[in-house]
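If you're matching them up, the sequences are chains A and B in order.
Residue numbers in the first sequence follow the working numbering, run continuously in steps of one, and reach 386 at the last position.
Residue numbers in the second sequence follow the working numbering, run continuously in steps of one, and reach 1251 at the last position.
Here's the structure we're looking at; comments come further down.
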Amino acid sequence: MNMFTLIWQNSLRKKVRFTLTCLSVLVAFFLFTTLSAINNALSSNANSIDNYRLITSHKVSMTRALPINFSDKIKNINGVDKVSYSSWFGGYFQNEKQQVTMTAVDSSNYFAIYDEYQLSPAQLKKWQNTQTGIIIGSEIAKKHHWNVGDSIPLSSSIWMNRDGLFTWQFTVSAIYQGKHESTDNKKIFFQHKYFDRARAYSQNSINWLTTKISPSADNEQVIQLIDQKFANSSSPTRTITEQVFIKEQAQQFIDMAMVIKLVLSAVFFTLLLIVCNTLIQVIRERLSELAMMKALGFSATYLIIQIYAEALFLIGLGAVSGTILATLTLNSVQVNMANFLVGIYIAKSHYLISIIIVFIAAAMGSLFPAISIKNLNISQTLGAKQ
Amino acid sequence: MPTIQLKNINKTYSKGTNQVVVHNNFNLKIQSGEFVALMGASGLGKSTLLHLMGGLDKPTSGDVIIADQCINRLSESQLSQWRSENIGFVFQSHHLLPVLTALANVELPLALTPLNKKQRQQHAATALALVNMSDRAKHFPKELSGGQEQRVAIARAIVSDAKILLCDEPTGNLDRNTADEILSLLAKLNSDFGKTIVMVTHDLKASQYASRVIDLEHYLQSKECMSSIDDNSTKNVITKIKVCEQQGVKA
Chain A
1 MNMFTLIWQN SLRKKVRFTL TCLSVLVAFF LFTTLSAINN ALSSNANSID NYRLITSHKV
61 SMTRALPINF SDKIKNINGV DKVSYSSWFG GYFQNEKQQV TMTAVDSSNY FAIYDEYQLS
121 PAQLKKWQNT QTGIIIGSEI AKKHHWNVGD SIPLSSSIWM NRDGLFTWQF TVSAIYQGKH
181 ESTDNKKIFF QHKYFDRARA YSQNSINWLT TKISPSADNE QVIQLIDQKF ANSSSPTRTI
241 TEQVFIKEQA QQFIDMAMVI KLVLSAVFFT LLLIVCNTLI QVIRERLSEL AMMKALGFSA
301 TYLIIQIYAE ALFLIGLGAV SGTILATLTL NSVQVNMANF LVGIYIAKSH YLISIIIVFI
361 AAAMGSLFPA ISIKNLNISQ TLGAKQ
Chain B
1001 MPTIQLKNIN KTYSKGTNQV VVHNNFNLKI QSGEFVALMG ASGLGKSTLL HLMGGLDKPT
1061 SGDVIIADQC INRLSESQLS QWRSENIGFV FQSHHLLPVL TALANVELPL ALTPLNKKQR
1121 QQHAATALAL VNMSDRAKHF PKELSGGQEQ RVAIARAIVS DAKILLCDEP TGNLDRNTAD
1181 EILSLLAKLN SDFGKTIVMV THDLKASQYA SRVIDLEHYL QSKECMSSID DNSTKNVITK
1241 IKVCEQQGVK A
């Protein structure tokens, strides 16, 4: 019989309560581990983007158009290697629930800048020679069973064509394969030249430009030169690295990091309340036993350490189980998620943070019981009467 | 010199805004090896006296001197250690830990000693044998009868070889036969092992087992209770403690 025996036996005294509390801790740490891994994936995706690519859009908003001739003006800036332009199509297939990421791009050099979309020269040439041709990703081709040569009707939620229709007819010219695991294989590209000719309005305008800078160039300097060039024009620009662009795009819809922090705060606050409540119940039930132990000579410090150790065991067991379960789950779904969320991993620092959280949660959970033990009046608790 | 001395004890409890005086200038001496039964009506402060002697409570004023030590001047941690070394408690409700076997319950106070696991178990087994509970060593409290539970509680009280046993109505929850068994056991511990026993009880039959019966109702009006114990030894003890405290030595 020693303290470990006492901790073990006391913990398992109310098995159902112990199991349920342990499960709540497990869920908290499962969420913590999973969301941290997703956060890592989101951060690492943005971090893996080529830093030599710059995105230029209207200073006011991405949705405001820029003149197409800005492309030629940027080409002349020192340090610029290539410039391409793109416009957002806002496409969907059959109905608006089946959204597709569809972009009108400069057919002359877009794929020279975005070399992660791998195409053979013959495929590229074929597409460039087909006015209504589209290049589609292997994933979307597989999903809809589209093959090269298929004629596909795709609609736009933004753009009407000259026939007054929002449904446009395209032909599959090529299917690209992503260079990296993280490359999105569900995109659709078509020629901006055709887009400009066929749309009912806003000719000679684009949504954004992509500039590939020379390896020796300083991107901060190039960014300044581009924005200075158009500062006094009717369409002032804002240029950022693609890395920042991706992050900003994601944050337009939702600040994932903030959501994760809020969810985790709520989870751990709830966890703390549950653990506190459980331990307060434990103390209330065992008050006379604790008073007896004090009478036998066990100091308040000894009993507080014992309660802390019980809290540590309870939270630790839940935390270890939750983290293991999350790790196994993330490993098993990693293959399925690879196409839309690459780079899911649990950082080593996460385990350290988890351990720190376990110790802090146990300490905070034991706070009220510790005060009760410290103030426990043996005489009154064991039933002294005047 | 007496083993237990209560000197000029005043004990007051707060009940809301009221102050309830339980003891006023109370004095008592118990000699080493005595088996004292403290009797009397409810509300006279019998349990309070027992708790004062065991260091579970402190007097409002006055001194509790046990084996040359003025225990009401010890800190909480010093008192804890002192209790573990000097006092064995037996309560009406045995307060055994339900998650531990009889043997482990008896072994519990030894967790505070430097004894190793084997030695602790040997001591606990011996204590259980003394109360005739060896065959129930592996049983949990819920598997024992009330008398058996009280025997285990007595074994727990004597396992550390405490010289003083303080028993608060140890037979209160037991039937006559079982109560007699427990009283016999306490008498045996007193006669064969020299334990000083102070027992609070309402059981008139307990007087047959005790070497001295104090009827608190009468005692409170007696000269012995009212008069201060004014021997030099008490002064010496208090002086010794003060010197130790000044020198930072554990009392």
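We treat Cβ as the ideally placed atom computed from N, Cα and C, and that holds for glycine.
Asked	Found
When the Cα of A104 of chain A is compared with those of A:Q94, A:T21, A:G90, A:K97, which residue comes out closest?	A:G90
I1066 of chain B and I1004 of chain B: beta carbons closer than 8 Å?	yes
Which residues bound the beta strand (DSSP E) around K1007 of chain B?	1004-1015
Tell me, please, whether the segment 1038-1049 of chain B touches the segment 1210-1225 of chain B by the rule of three or more beta-carbon pairs shorter than 8 Å.	yes
Going by Cα to Cα distance, which pick from A:G365, A:N69, A:P121, A:S157 is closest to E96 of chain A?	A:S157
Are the C-beta of A300 of chain A and some C-beta of chain D separated by less than 8 Å?	Absent from the structure: chain D. Protein chains present are A and B.
Using 8 Å for Cβ pairs, my map puts G318 of chain A next to F29 of chain A. What's the rounded Cβ distance?	6 Å
For chain B, check one thing: does any of its Cβ atoms lie closer than 8 Å to the Cβ of G316 of chain A?	no
Using a Cβ-Cβ cutoff of less than 6 Å, which residues in the same chain neighbour H1025 of chain B once the five nearest sequence positions on both sides are dropped?	In the sequence on display, residue 1025 of chain B carries Asn and not His. Hits under 6 Å: N1008.
Looking at chain B, which residues of the segment 280-298 of chain A have a Cβ within less than 9 Å of any of its Cβ atoms?	R286, S288, E289, A291, M292, M293, K294, A295, L296, G297, F298
Between Q9 of chain A and chain B, is any beta-carbon pair separated by less than 8 Å?	yes
Could you work out which residue in B:L1186, B:P1109, B:A1210, B:R1212 is closest to E289 of chain A when comparing CA atoms only?	B:P1109
Of the residues A:N377, A:I378, A:G365, which one's Cα is nearest the Cα of T21 of chain A?	A:G365
How would you call H1123 of chain B, buried or exposed, if buried means at least 16 neighbouring beta carbons within 10 angstroms?	buried
Check the C-beta distance from C276 of chain A over to F368 of chain A and give it rounded, since I have them as a contact under 8 Å.	6 Å
Per DSSP, Q94 of chain A forms a beta bridge with which residues?	Paired residues: none, contrary to the question.
What residue ranges within the segment 253-282 of chain A form continuous beta strand (DSSP E) runs of no fewer than 3 residues, ordered along the chain?	none
If I measure Cβ to Cβ from R286 of chain A and keep anything under 8 Å in the same chain, skipping five residues before and after, which residues do I get?	N10
Taking the alpha-carbon positions, what's the V393 of chain A to A347 of chain A distance?	This structure cannot speak to residue 393 of chain A, because chain A is shown only from 1 to 386.
Looking only at its own chain, which residues have a Cβ that is under 7 Å from the Cβ of Q380 of chain A, when we skip the five neighbours before and after it?	none
Using C-beta distances below 6 Å, list every residue in its chain close to I315 of chain A, excluding the 5 sequence neighbours before and after it, in chain order.	V25, V358, A361, A362
Determine which residues of the segment 1118-1132 of chain B have a Cβ less than 9 Å from any Cβ of chain A, and write them out in chain order.	R1120, Q1121, A1124
Between G178 of chain A and the rest of its own chain, which residues show a CB-CB distance below 8 Å, the 5 nearest in sequence each way excluded?	E116, Y117, Q118, G137, S138, D184, N185
Run through chain B and tell me which residues come within less than 8 Å of I378 of chain A, C-beta to C-beta.	H1051, L1056, D1057
For I134 of chain A versus I188 of chain A, is the C-beta distance shorter than 8 Å?	yes
By DSSP, does Q386 of chain A sit in helix, in strand, or in coil?	For Q386 of chain A, the predicted model reports a pLDDT of 35, less than 50, meaning its position is unreliable; a value from the coordinates is still stated below. The answer is coil: DSSP assigns Q386 of chain A none of H, G, I, E or B.
Might you give, ordered along the chain, the residues of its own chain that have their beta carbon closer than 7 Å to the beta carbon of G1146 of chain B, omitting 5 neighbours on each side?	N1173, L1174, T1178
Is there contact between the segment 237-244 of chain A and the segment 189-205 of chain A, where contact requires at least three CB pairs shorter than 8 Å?	no
Is there at least one Cβ from chain B nearer than 8 Å to R17 of chain A's Cβ?	no
Nearest CA to the CA of I408 of chain A: which residue from A:L273, A:L271, A:Q221?	Residue coverage of chain A in this structure runs from 1 to 386, which leaves residue 408 of chain A outside it and unanswerable.
Going by other Cβ atoms of all chains shown within 10 Å of its Cβ, with 16 needed for buried, is L35 of chain A buried or exposed?	buried
I'd like to know if L382 of chain A contacts chain B, where contact means its C-beta is closer than 8 Å to some C-beta of that chain.	yes
Does the beta-carbon of A122 of chain A have 16 or more other beta-carbons within 10 angstroms, so that it is buried, or is it exposed?	exposed
Along the chain, where does the alpha helix (DSSP H) that runs through V60 of chain A open and close?	Looking at the DSSP string, V60 of chain A is not in any alpha helix (DSSP H), and its letter there is neither H nor E.
As an exercise, report each continuous alpha helix (DSSP H) stretch of at least 4 residues that is fully enclosed by the segment 177-258 of chain A, in chain order.	192-198, 219-229, 242-253
Name the DSSP bridge partner or partners of I1214 of chain B?	B:L1038
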